[in-house]
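Numbering (this note's numbering), first residue to last: 3 to 136.
For glycine and all other residues, C-beta sits at the position ideal for the given N, C-alpha and C.
Just so we're clear, the structure is a prediction, and the values are computed from it rather than from any experiment.
What follows is one structure encoded as structure tokens, with my remarks underneath.
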Amino acid sequence: MRRVAELLSVRGADPMLIGRLRPFVDALDAPTAINVNTAPAEVLVAAIGGLDATGAAALVASRTQTPFGSIADFRSRLPRSDLNIDETILAVRSDWFVVSIEARQGDTVARARALFRRSAAAAEWPTVVWQTIE
């Protein structure tokens, strides 16, 4: 799967549930860590055992002032030291990026979206995984 909408082809998939999940999930073709510098508060609550909405909001506010430089930095700013954190699923950077573009000319609107994957080799251009033009 490369798009969340593809979940609709799974028997028993609930379109309303998938619609509610859409802002918080992605369908990628590789295991990917959660970037604690960009994840919504709801994703942080789901990923960190014992973290509540208030604690997640505090983390989001903290990273707005100073992004997390490492997972150790993230851990040091958790609201409680006893929270269950699996560092193997967390990161402070991303290799995947969705780009959305909208252009207007009079009454005409054109939209495009693309998913890019950063290459492991810094000198290489990112790979375009998919793109749509509306």
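{"query": "Look at the alpha carbon of Trp98 and the alpha carbon of Ser11, and state the distance between them as a whole number of angstroms.", "result": "24 Å"}
{"query": "So, helix, strand or coil for Thr66, using DSSP?", "result": "helix"}
{"query": "Between which two residues does the beta strand (DSSP E) carrying Phe118 extend?", "result": "Thr110 to Arg119"}
{"query": "Can you tell me which residues form a DSSP beta bridge with Glu104?", "result": "Arg113"}
{"query": "Can you have a look at Arg1 and say buried or exposed, based on whether 16 or more other CB atoms are within 10 angstroms of its CB?", "result": "As shown, the chain starts at 3 and ends at 136. That puts residue 1 outside it, with no answer to give."}
{"query": "Using the Cβ count rule (16 or more neighbours within 10 Å means buried), how would you classify Leu46?", "result": "buried"}
{"query": "Helix, strand or coil, according to DSSP, for Leu92 in the structure here?", "result": "strand"}
{"query": "Looking at the structure shown, is Thr34 part of a helix, part of a strand, or coil, going by DSSP?", "result": "coil"}
{"query": "Identify whether Gly21 lies in helix, strand or coil by the three-state DSSP scheme.", "result": "helix"}
{"query": "Take Thr40 and list the residues in its own chain whose beta-carbon comes closer than 8 Å to its own, dropping the five residues that flank it on each side.", "result": "Ser96"}
{"query": "Since Ala114 and Thr134 are thought to touch, with beta carbons under 8 Å apart, how far apart are those beta carbons, to the nearest angstrom?", "result": "7 Å"}
{"query": "Using the Cβ count rule (16 or more neighbours within 10 Å means buried), how would you classify Phe70?", "result": "buried"}
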